[in-house]
Amino acid sequence: MDVNIVEMMPRIIEATNETLLMVFISLALACLIGIPLGVALVATREHGLMENGAIFNVLNVIVNIFRSIPFIILLVAILPITRFIVGTSIGTAAAVVPLVFFAAPFVARLVESSLLEVNNGVVEAAQAMGASNWQIIFRVLLPEALSSITLNLTIATIGLVGASAMAGFVGGGGLGDLAISYGYQRFETDIMIATVVLLVVLVQIVQMIGNYLSKKLRRL
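Per the working numbering, the sequence shown starts with residue 2, numbered consecutively.
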């Protein structure tokens, strides 16, 4: 039986809200983990402000391990952890857990990249004025890299949009679940097209906002 797309509008709106919820909660939690991790990678690396080869190597390996696992495999691999944290492996809340595991190392690498772009001369000038390592990190490195970090977090957000769609394979909710349940399993082409269009629009909006904020911060 064909499904009328007009009749499906409430479900489409609900799925869109679920996707937005998954993406932005995951992004917030990933930033809480990934930004300090990225700072630690820069600070403890060779010739860094707090050079420590042992810590850097451990963090580097951990990030590389999680970055090398495709999201769909990670999604299934950590189901026991997901059940332990949220009590279920199905639904929007459950999808947030693997999304955070997926995004946090990615955010760490993006932040690391942004911080490494900061001119060494600025850091050396701060050191010459007697600034402590923590003052250099919070008052020099992060502010100088803020525009680049914003643009990179935009990339991370778009990556989360795509990953949230894949979460539909395990009943994660959102537009991906809708596309699989109706567009794929029931061959409802209209629903599939609608979900694809919504995902494209969402990505465009996120990119536009990210570009705007990055441009504004660059001028500060």
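Don't be surprised by glycine CBs; every beta carbon is placed ideally from N, CA and C.
| Check | Outcome |
| --- | --- |
| Unbroken alpha helix (DSSP H) run spanning residue 9, endpoints | Premise fails: residue 9 is in no alpha helix (DSSP H) and is neither H nor E. |
| Rounded straight-line distance, which links the Cα of residue 214 to that of residue 98 | 28 Å |
| Boundaries of the alpha helix (DSSP H) in which residue 148 is found, first to last residue | 143-167 |
| Span separating the alpha-carbon of residue 30 from that of residue 126 | 34 Å |
| Residue 87 versus residue 113: straight-line alpha-carbon distance, rounded | 30 Å |
| Interface flag, residue 102 vs chain D, CB-CB below 8 Å | Here there is only one protein chain, and chain D is not present. |
| Chain-order list of residues whose beta-carbon lies under 8 Å from that of residue 63 (same chain, five-residue window excluded) | 106 |
| Integer Cβ distance of residue 175 from residue 164, believed to fall under 8 Å | Incorrect: roughly 10 Å between the Cβ atoms, too far for contact. |
| Check whether residue 179 and residue 13 have beta carbons under 8 Å apart | yes |
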